[in-house]
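Below: the structure, in structure tokens.
What follows is the structure in structure tokens.
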């Protein structure tokens, strides 16, 4: 009888219930908060790396000739486009590709920043939509070595890779001076 009275009193008790619920939920809410911060940072870094690839391809595709000074400026622009990320974590490569036929595309020139350029004259695979004979394409690649500041969702480093393709607008192919 005493046991049933104790259980009944326990079931009716409401004092301290909110504190108990808060103590149970707090660790989950903190984990959710830090996980969200981690995810938002990763998505922002990924978007910036994708923007770098698209910007490099777009700037070169608008040119009639690519000079050393322009390449130096493009590599410097990576630092501006990647703020607040460390630009040293980003590798990039720009490749000019001439499409000879519906099945063959060859590298005209390629230059990398933190990664090596591709071999001139080598055959390269492009998406089918880009394979129009007698045209050329600027192909830009980025690789971001991302490390999470908090390490909640992403433990260790993650490489985020992006590619961008732009058709040459003024000359086919764009020469490298």
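Residue numbers (the working numbering): 244 to 420.
Even glycine gets a Cβ: it sits at the ideal position worked out from N, Cα and C.
Checklist entry - Below 8 Å, can you find three or more Cβ-Cβ pairs linking the stretch 357–368 to the stretch 258–266? => result no
Next on the checklist: Assuming contact is defined by CB atoms lying nearer than 8 Å, are residue 354 and residue 416 in contact in what I supplied?
Outcome noted: no
Checklist entry - DSSP three-state call for residue 326: helix, strand or coil? => result coil
Checklist entry - Considering only the beta carbon of each residue, do residue 296 and residue 388 sit closer than 8 Å? => result no
Checklist entry - Buried or exposed: residue 325, going by 16 or more other Cβ atoms within 10 Å of its Cβ? => result buried
Item to check | Where residue 257 falls: helix, strand or coil (DSSP) | outcome: coil
Next on the checklist: Could you pull the DSSP bridge partners for residue 404 from this structure?
Outcome noted: 386
Checklist entry - When the Cα atoms are used, what is the spatial distance from residue 195 to residue 315? => result Outside the shown range of the chain, which is 244 to 420, sits residue 195, and nothing can be said about it.
Checklist entry - Just checking my contact of residue 372 with residue 300 at CB under 8 Å: how many whole Å lie between their CB atoms? => result Not quite, the Cβ-Cβ distance comes to about 15 Å (not below 8 Å), so this is no contact.
Item to check | Rounded straight-line distance, which links the Cα of residue 380 to that of residue 304 | outcome: 8 Å
Checklist entry - If we ignore side chains and look at the alpha-carbon of each, how far apart do residue 367 and residue 394 end up? => result 37 Å
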